[in-house]
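**Student:** Below are the structure tokens for one structure; questions will follow.
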Amino acid sequence: MIGSGESFSEMLTHLWHILPFALAFSLPVAALGGVALYVLRRGSLATTLTVLVLIPVLATLVGVLGISGFMFTPALTTMLLVCLLVGLVTVPAAIILGRAIARRSVWEREARERERAAEASRRELVAWISHDLRSPLAGIQAMAEALADGVVSQRHEVADYAQRISGETRRLSAMVGDLFELSRITAGALELTMSAVPLRDVVSDAVAAQSPVAERKRVRVLAKASTWPVVTGSDPELARIVRNLVSNAIRHTPPDGTVAVQIGVDGDEALLAVDDSCGGIPDDEINRVFDVAFRGTQARTPERGGTTSGGGLGLAIAKGLVEAHRGKIGVHNHGPGCRFEVRLPLALS
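Set out below in structure tokens:
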């Protein structure tokens, strides 16, 4: 026991004698703590911090007990109570701080993953759009030069070139419009004017708008409804959702195939299902169909040069618009093709 009247050199001598015993009792506890931390390295951060706090407290407690020879004097009892109080304060604090740090770490990791995914999506979008814009522009330039140089002079040839230029221009305009719409959605600048919208009108107009394309591909488009619900939404954006889904279904359905649009009610949600005859989506791609500029395998890739060709943005736009309406959209293989399902909140009666 170190006395209160001892000199500094005498205290150092006592410390030198105590040190081996302190190390002999505390180091095994620290070593066991290190083993516990290694075992728990894949566990939660809160558990790791709790063990990390307990190691010095237990090492101090065992070291004090060992040096005292387990003789419970008033001083030793006081020391044990102090260690107990320290443990009661630090362990809950470590658990609370560990959970807070763990939540922050998880949030930061998810944010980094979202940022990497967004960056990959942006690169893919730039690559797709650059390729898709270059093709019609090259065609327009070649046909315009042929007209300017007099290579094409016959009246019917000039009319054909003018018609083809007009078609490529419409393609470019549609792609630019899709990019603008997608930028509004991703930037959070989309403003919806919500009202009660009958799905009958929305679906009828969308199907009618896609009928010419379906007829050219010899694809039947059918609309069936067990009931026609009224949803809360913005009419133009709801029409865009249905139009994009029907257009996508027509694009991937072979000639003489069928696209079915089915309407119903499921609980407090309106259900819109669009079935196509695309032959199904591979399992490793079905979770990516709503990604920006994703087109999938060659079997689902739109034909080049056609009026239905696009930048691969239709489904991404549909997903953004559905989520802006506080709805849900999903896809799964169904029958001879796949089914896109949209769930929207019903209008309050």
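Numbering (my numbering), first residue to last: 49 to 397.
Glycine included, each C-beta is placed from N, C-alpha and C at the ideal position.
1. Cβ atoms of ARG248 and LEU423: under 8 angstroms apart, would you say?
2. Using C-beta distances below 6 angstroms, list every residue in its chain close to THR95, excluding the 5 sequence neighbours before and after it, in chain order.
3. Reducing DSSP to helix, strand and coil, say where ALA347 ends up.
4. Compare the Cα-Cα distances from ASN292 to each of SER221, THR280, ILE365, VAL307 and report the closest residue.
5. Would you report the Cα separation of GLU161 and MET223, rounded to the nearest angstrom?
6. Beta-carbon separation of ILE103 and PHE69 under 8 angstroms?
7. Taking DSSP as the reference, what is the three-state secondary structure of ASP304?
8. Identify the residues that DSSP records as bridge partners of GLN310: which are they?
9. Measure the alpha-carbon distance for PHE388 versus GLY82 and round it to whole angstroms.
10. Taking DSSP as the reference, what is the three-state secondary structure of ALA235?
11. Buried or exposed: ALA262, going by 16 or more other Cβ atoms within 10 Å of its Cβ?
12. Excluding sequence positions up to five away, which residues of its chain have a Cβ less than 8 angstroms from the Cβ of VAL250?
13. Just mark ASP304 as buried or exposed, buried being the case when its beta carbon has 16 or more other beta carbons within 10 Å.
14. Which whole-angstrom value describes the C-beta separation of SER92 and ALA150, a residue pair presumed to lie in contact below a C-beta threshold of 8 angstroms?
15. Taking C-alpha atoms, which residue in ALA84, ARG90, VAL112 lies nearest to VAL101?
16. Taking only three categories from DSSP, how would you classify GLY281?
17. Which of the three DSSP states is assigned to CYS326 in this structure?
**Tutor:** Quick look at the numbers:
1. Given that the chain is displayed from residue 49 to residue 397, the structure contains no residue 423 and the question cannot be resolved.
2. Here the question's residue 95 lines up with position 47 in the sequence shown. Answer for THR95: LEU88, listed in chain order.
3. Here residue 347 is taken as the residue at index 299 of the sequence shown, counted from 1. Reliability of the predicted coordinates at ALA347 is poor, the pLDDT of 40 falling under 50, and no value is obtained from them.
4. Numbered from its first residue, the sequence shown carries residue 292 at position 244. It is ILE365.
5. What you label residue 161 is simply residue 113 of the sequence shown in a count that begins at 1. What you label residue 223 is simply residue 175 of the sequence shown in a count that begins at 1. Roughly 28 angstroms separates the two Cα atoms.
6. Position 55 of the sequence shown holds residue 103. Position 21 of the sequence shown holds residue 69. Their beta carbons are not under 8 angstroms apart, which means ILE103 does not touch PHE69 by this criterion.
7. If you number the sequence shown from 1, residue 304 lands on position 256. Correct three-state label for ASP304: coil.
8. The residue you call residue 310 lines up with position 262 of the sequence shown. The partner list for GLN310 (beta bridge, DSSP) reads LYS272, ALA321.
9. For the purposes of this step, residue 388 is identified with residue 340 of the sequence shown, where counting begins at 1. For the purposes of this step, residue 82 is identified with residue 34 of the sequence shown, where counting begins at 1. Going from the Cα of PHE388 to the Cα of GLY82 covers about 53 angstroms.
10. Along the sequence shown, read from residue 1 onward, the residue named residue 235 stands at position 187. Three-state DSSP puts ALA235 in coil, outside helix and strand.
11. Taking the sequence shown and counting its residues from 1, the one referred to as residue 262 is at position 214. ALA262 is buried by the Cβ-count criterion.
12. Position 202 of the sequence shown, counting from 1, holds the residue named residue 250. Cβ neighbours of VAL250 beyond the five flanking positions: ASP283, LEU286, ALA287, VAL290.
13. The residue labelled residue 304 in the question sits at position 256 within the sequence shown. The residue in question, ASP304, is exposed, as its Cβ has fewer than 16 Cβ neighbours within 10 Å.
14. Numbered from its first residue, the sequence shown carries residue 92 at position 44. Numbered from its first residue, the sequence shown carries residue 150 at position 102. Their Cβ separation, rounded to whole angstroms, is 6 angstroms, which keeps SER92 and ALA150 in contact under 8 angstroms.
15. By one-based count along the sequence shown, residue 101 stands at place 53. Per the Cα distances, ALA84.
16. Within the sequence shown, residue 281 is the residue found at index 233, counting from 1. Looking at GLY281 - three-state DSSP - the assignment turns out to be strand.
17. By 1-based counting over the sequence shown, the position of residue 326 is 278. Three-state DSSP puts CYS326 in coil, outside helix and strand.
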